[in-house]
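Please read the structure below before turning to the comments.
2 protein chains.
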Amino acid sequence: MKHYSQLKKHFVRISHLHYIQRMLMWDEAVMMPSGAGNHRGEALATLNQTMQKLINSKKIAALIDSAKQENLSSLWDEANLAWMEKKYRLACCIPSQLTTESTKSLLQAFQAWRQYREQNNWVDFLPHLKKSFQYIYEIAQRKSQVLQLSPYEVMMDHFSPGLTEVKVDEVFSILKKQIPDLRKRIMDQQSQEKIISFTQSSDLVKQQELGLSMMRTMQFDFNHGRLDVSHHPFCDGIPVDIRITTRYNKDNFLDSLYGVIHETGHALYEQGMPRKWIFQPVGQTQSKALHESQSLLHEYEVCHSPAFFKFLEKEVKHQFGDDEVFSADNLYKLKTRVRTNFIRVSADEVSYPLHVILRYEIEKQLFTGEISIDDLPKIWDEQMIKYFGLPTKDNYKDGVMQDMHWSWGYFGYFPSYTFGQLMAAQFYAAFLKENDGFNDQLKKGNFTKLHQWLQRNIYSHGSSISSDELLLKLTGEALNPNIFINRVEQRYL
Amino acid sequence: MKHYSQLKKHFVRISHLHYIQRMLMWDEAVMMPSGAGNHRGEALATLNQTMQKLINSKKIAALIDSAKQENLSSLWDEANLAWMEKKYRLACCIPSQLTTESTKSLLQAFQAWRQYREQNNWVDFLPHLKKSFQYIYEIAQRKSQVLQLSPYEVMMDHFSPGLTEVKVDEVFSILKKQIPDLRKRIMDQQSQEKIISFTQSSDLVKQQELGLSMMRTMQFDFNHGRLDVSHHPFCDGIPVDIRITTRYNKDNFLDSLYGVIHETGHALYEQGMPRKWIFQPVGQTQSKALHESQSLLHEYEVCHSPAFFKFLEKEVKHQFGDDEVFSADNLYKLKTRVRTNFIRVSADEVSYPLHVILRYEIEKQLFTGEISIDDLPKIWDEQMIKYFGLPTKDNYKDGVMQDMHWSWGYFGYFPSYTFGQLMAAQFYAAFLKENDGFNDQLKKGNFTKLHQWLQRNIYSHGSSISSDELLLKLTGEALNPNIFINRVEQRYL
Chain A
1 MKHYSQLKKH
11 FVRISHLHYI
21 QRMLMWDEAV
31 MMPSGAGNHR
41 GEALATLNQT
51 MQKLINSKKI
61 AALIDSAKQE
71 NLSSLWDEAN
81 LAWMEKKYRL
91 ACCIPSQLTT
101 ESTKSLLQAF
111 QAWRQYREQN
121 NWVDFLPHLK
131 KSFQYIYEIA
141 QRKSQVLQLS
151 PYEVMMDHFS
161 PGLTEVKVDE
171 VFSILKKQIP
181 DLRKRIMDQQ
191 SQEKIISFTQ
201 SSDLVKQQEL
211 GLSMMRTMQF
221 DFNHGRLDVS
231 HHPFCDGIPV
241 DIRITTRYNK
251 DNFLDSLYGV
261 IHETGHALYE
271 QGMPRKWIFQ
281 PVGQTQSKAL
291 HESQSLLHEY
301 EVCHSPAFFK
311 FLEKEVKHQF
321 GDDEVFSADN
331 LYKLKTRVRT
341 NFIRVSADEV
351 SYPLHVILRY
361 EIEKQLFTGE
371 ISIDDLPKIW
381 DEQMIKYFGL
391 PTKDNYKDGV
401 MQDMHWSWGY
411 FGYFPSYTFG
421 QLMAAQFYAA
431 FLKENDGFND
441 QLKKGNFTKL
451 HQWLQRNIYS
461 HGSSISSDEL
471 LLKLTGEALN
481 PNIFINRVEQ
491 RYL
Chain B
494 MKHYSQLKKH
504 FVRISHLHYI
514 QRMLMWDEAV
524 MMPSGAGNHR
534 GEALATLNQT
544 MQKLINSKKI
554 AALIDSAKQE
564 NLSSLWDEAN
574 LAWMEKKYRL
584 ACCIPSQLTT
594 ESTKSLLQAF
604 QAWRQYREQN
614 NWVDFLPHLK
624 KSFQYIYEIA
634 QRKSQVLQLS
644 PYEVMMDHFS
654 PGLTEVKVDE
664 VFSILKKQIP
674 DLRKRIMDQQ
684 SQEKIISFTQ
694 SSDLVKQQEL
704 GLSMMRTMQF
714 DFNHGRLDVS
724 HHPFCDGIPV
734 DIRITTRYNK
744 DNFLDSLYGV
754 IHETGHALYE
764 QGMPRKWIFQ
774 PVGQTQSKAL
784 HESQSLLHEY
794 EVCHSPAFFK
804 FLEKEVKHQF
814 GDDEVFSADN
824 LYKLKTRVRT
834 NFIRVSADEV
844 SYPLHVILRY
854 EIEKQLFTGE
864 ISIDDLPKIW
874 DEQMIKYFGL
884 PTKDNYKDGV
894 MQDMHWSWGY
904 FGYFPSYTFG
914 QLMAAQFYAA
924 FLKENDGFND
934 QLKKGNFTKL
944 HQWLQRNIYS
954 HGSSISSDEL
964 LLKLTGEALN
974 PNIFINRVEQ
984 RYL
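Read top to bottom, the protein sequences are chains A and B. Under my numbering, read the first sequence as residues 1 to 493, first letter to last. Under my numbering, read the second sequence as residues 494 to 986, first letter to last.
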């Protein structure tokens, strides 16, 4: 194992630079004064180039070849070596100059998006997005030859290894068939229900306290993480230093709270990675679909369930005082409205997959060249009319410019959300089968059993097995969208 | 200039990693959850090693040799090449392993200091400090041969190029002769004066507003910097992304405000570096004495002057309401008390140099081996009795453990404070000679003339000339401690 041991040492160094990279990205979004944007891009480009050189070297190639001849002591080591090799092969096919140039271009496009989205300004954003897409497409094409996948599949595989067009098409066709009718039936039924709306604004400090208290309830480890404020909620970092953000809306404290819940779900997954392996590829979270399954399991499965709202009522009244608008029943109703909405991140759990499918269909066409970046507003408008009956012509802010993903080169990420959502339903159903008294504990805000189950059955595996294998092992079957569909019917109809 | 141009490109890459290093250090002190400390140390060690490798290479050596044969187009380029060569020669003599190990050890000692100082726990801090000193001493010894300076002079030179023991001894002997008598006369006189003390606590949000407003008054550029909170006030970053911190004391808003003023002085110096050169060694601030002169010029020369308090009275009353305790005269008195104090950072401007001299004398003996780290509490106690009549036996927190410097390897930094203080008085006297109406502008909070003068005469030089040359050029004479002494006499007696 001499060569494999050397490889491991080498990858520890890479993980240090990865940690640094994540901190710089967090800082860029949360702390950095805007005038530093260009230089941050340059610095990140130099860092990324340094990381790439550490992976893409003849020494590594030779070590991998030799390590493959060695008798590794465990399946973990085998999986680890496989991840190393994949990373090496993918790093090899990208010229160093392309890494530098694309990093700078993407950060510029990301910063342009922040500025121009606010202004509803597609025209000035367009050249940035075009340039970024060119880089991303070139990178995807190069990797395509290595992985024997289509360029779009390369993108999906980057975020969630194993996602292919055939697999996604199959699952999405089921959802496309079922969800529109489901939405209609739910909306019809909900139109009869009475809800009390928030009329008073909520103090931001109290909202923050509510969020922090929720994080403690969910068993977030503050010794290895923190909560801040950013433009869009996100989770970034590494297992020992994981950072989540939310944003506060004085008119609706549920927005920031559910931002916190979602991101804490991500953070718990990171914090749960096996400590022995966190500086090796196999000890890092490699699948965004699995990552999203952990945030969405907490957000939708657990914290949209009636039992949870019994607990939340007490928490909310503790912060904001006693008022009928804060009753468990009313909070439940407020959070479970199925609506037709422009914005993906504000969508309810039933409509959410349609927002993703819409983007998936656009991205596929972009990568085959059927459409170009110039066509995006037009096709976005058509898709929104097709799926939601909502025209978005000239409304770029709430239309094609609403997501940060494309500006930042995250083409191919969206399917991971929906695969995560479906996996979440399937995991949680398995958990409830083993823990049928959990709803009583949830009413008291006791998350311990859930946290232990996730730690033991999901977090502790790191990336030692694929998400498909994990699903099969834990639930006895492959991904089954009907578990989600059935749960929605049960909750809403 | 072909080789010199290549060198410049190379140093731009180094400056990117330097930017990253500063951000990680800022984050460590302001944001990082404590459980990430060890891994942050490892990551920083890897980064520092990477930076060192970029400087310490045969390619750089050859480029420097060739560049020295080229006709450089300006004095700036010549100074830049000289800085490059110095950095190369110093990086060469340190083995890579020593960089890694010392970085980790220093960060651990720094984190240990935060923890153990709170607990007044010298015993558990001692092994950390010993280990750090060993590394620092080994590094200083190696550099000593390159620079032909004593190991302690190597340390001083690292922070403020040009500071030698002869020079410091000469200046400090003047201060040691004059200050004790000066303090006595001032304290006698002040004992007759009436002062109103703060009795009410000050809202922290308003304190922050007062600080931010002061930063705007001083012409801090928020597009390239920010203000946060930390354990000890500091300034870190690079010209385009400079970050200062303060800490809030509800019982005395002047503490946080003067923390902000001091650090803003540092930040303005950074923000004023010539943009064309900020990614080259010559465009970076290389002398901490000069750096401290800029913070102390603002803190003591400008913002302890009676004229400034006319402006401050209005600002303070705007935040905290009208009260006789906030009168210009009373605020002036509160800030200019000369006292006998355990703590360097709380010292008044007249006593401050004695705190520095005390440390300088200890450090010199440490580096000659006359005393060891174990002896520090005893000698600290003796020195405090000698200079202030204050015993510190068993009081480590307010004694030998009060400064972060030693834990962090900053032996040899302290003299820069006093040299900065003396230079500040000398610079400001020169400024006032050219701008005799400035006090009237200061009463209105108009810093424009001062900012322009500093920009033109100090900031814009970057590190293209030494601080000795700068002083001579601007004030017509070498460092003259009597300018400070005379100004103190004028202000206080």
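Quick reminder that beta carbons are idealized off the backbone N, C-alpha and C, glycines included.
Comparing C-alpha distances from S589 (chain B) to each of B:W770, B:L547, B:A555 and B:F603 shows the shortest one belongs to B:L547. Apart from the 5 residues on each side of it in sequence, I771 (chain B) sits with its Cβ closer than 6 Å to the Cβ of P732 in its chain, given in chain order.
When Cβ pairs closer than 8 Å are counted between the two stretches, the stretch 218-225 of chain A is seen not to touch the stretch 97-115 of chain A, the count staying below three. The shortest CA-to-CA distance from S466 (chain A) to any of A:G162, A:V146 and A:Y152 is the one to A:G162. Taking 8 Å as the Cβ-Cβ cut-off, the stretch 19-31 of chain A approaches chain B at Y19, I20, M23, L24, D27 and M31, given in chain order. Excluding five sequence positions before and after T475 (chain A), the CB atoms of its chain that fall closer than 6 Å to its own CB belong to Q426 and A430, given in chain order. By the neighbour-count criterion, in which 16 or more other beta carbons inside 10 Å mark a residue as buried, M1 (chain A) falls on the exposed side. In the DSSP secondary-structure assignment, T738 (chain B) is bridged to B:D721.
Per DSSP, D887 (chain B) is not a residue of any beta strand (DSSP E), being assigned neither H nor E. Contact of A36 (chain A) with chain B by beta-carbon distance below 7 Å involves H717, V733 and D734.
Here I688 (chain B) carries a coil assignment [DSSP, helix/strand/coil]. Collapsing the DSSP output to three states places D729 (chain B) in a strand. Non-local beta-carbon contacts of T657 (chain B) in its own chain, meaning distances under 6 Å to residues more than five positions away in sequence, involve E646 in chain order. In the structure shown, G528 (chain B) adopts helical secondary structure according to DSSP, grouped into three states. Sequence-ordered contacts of the stretch 418-440 of chain A with chain B are nonexistent [C-beta pairs closer than 7 Å]. In this structure, DSSP gives C92 (chain A) a helical state, which the three-state scheme calls helix.
Residues of chain B whose Cβ lies closer than 7 Å to the Cβ of A43 (chain A) are, in chain order, H509, Y512 and I513. The beta carbon of P33 (chain A) sits closer than 8 Å to some beta carbon of chain B. Near chain A, meaning a CB-to-CB distance below 8 Å, no residue of the stretch 769-799 of chain B qualifies. Annotated three-state conformation of T99 (chain A) is helix, per DSSP. Here Q219 (chain A) is near F447 (chain A), since their CB atoms are less than 8 Å apart. Taken in chain order, the members of the stretch 540-552 of chain B whose beta-carbon sits within less than 8 Å of a beta-carbon on chain A are L540 and T543. Under a 10 Å Cβ-count criterion, S900 (chain B) is classified as buried, with 16 or more other Cβ atoms of the shown protein chains found around its own Cβ.
A contact between stretches requires three or more CB pairs, one per stretch, nearer than 8 Å, and the stretch 191-198 of chain A meets this requirement with the stretch 315-326 of chain A. The Cβ atoms of E808 (chain B) and S788 (chain B) lie no closer than 8 Å to each other. According to the DSSP assignment, M156 (chain A) belongs to the alpha helix (DSSP H) that extends over P151 to F159.
Note on geometry: alpha-carbon atoms of V831 (chain B) and Q812 (chain B) lie some 27 Å from one another. Shown here for Y300 (chain A): same chain residues with a beta carbon closer than 6 Å to its own, the five before and five after excluded, namely E349 in chain order. Between L98 (chain A) and the set A:I139, A:K335, A:P127 and A:S305, the nearest pair of CA atoms involves A:I139.
Residue ranges of uninterrupted alpha helix (DSSP H) with 4 or more members, entirely inside the stretch 331-374 of chain A and ordered along the chain, are 352-368. The CB of H503 (chain B) never comes closer than 9 Å to any CB in chain A; the least such distance is about 11 Å.
For R183 (chain A), no Cβ of chain B is located within less than 8 Å of the residue's own Cβ.
Contact annotation for R359 (chain A) against chain B: no contact, minimum CB-CB distance about 33 Å [criterion: below 8 Å]. With the rule of 3 Cβ pairs closer than 8 Å, the stretch 516-525 of chain B does not count as touching the stretch 568-578 of chain B. Scanning chain B for C-beta atoms nearer than 9 Å to the C-beta of R487 (chain A) yields nothing, as the closest lies near 35 Å away.
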